[in-house]
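Under the working numbering, the letters of the sequence shown match residues 38 to 101, in that order. From the three backbone atoms N, C-alpha and C, an ideal C-beta is built for every residue, glycine too. Treat the numbers as computed from the prediction; the structure is a model and nothing was measured. Heads up: the structure comes next, in structure tokens.
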Amino acid sequence: MFHRLKECISAGGLSGRFSLQCKELQAVFDNCLKVDFETKRLENSVRAKERAKKWKDANQDIGM
């Protein structure tokens, strides 16, 4: 997706950056990034909760 957006901008020059077709590609690209970001954020949140639980369990095991 990024390559098509980059090609669109390169082919049109400065006016290509603002053309309707490039704007549509930019919107699709931004949506893909947003979905990817949300997925990564959720995965990181789950991993952080798992790490916190492991630390809590380990501390309870040693009596802290």
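Pair within 8 Å by beta-carbon distance, residue i and residue j
i	j	result
Cys59	Cys45	yes
Same chain only: Cβ atoms within 7 Å of residue i, ignoring 5 sequence neighbours per side
i	result
Lys43	none
Local Cβ density within 10 Å of residue i, reported as buried at 16 or more and exposed below that
i	result
Leu79	exposed
Nonlocal neighbours in the same chain, by C-beta distance under 6 Å from residue i, ignoring five residues either side
i	result
Glu61	none
Proximal residues to residue i (C-beta, below 8 Å), its chain only, five neighbours per side dropped
i	result
Lys71	none
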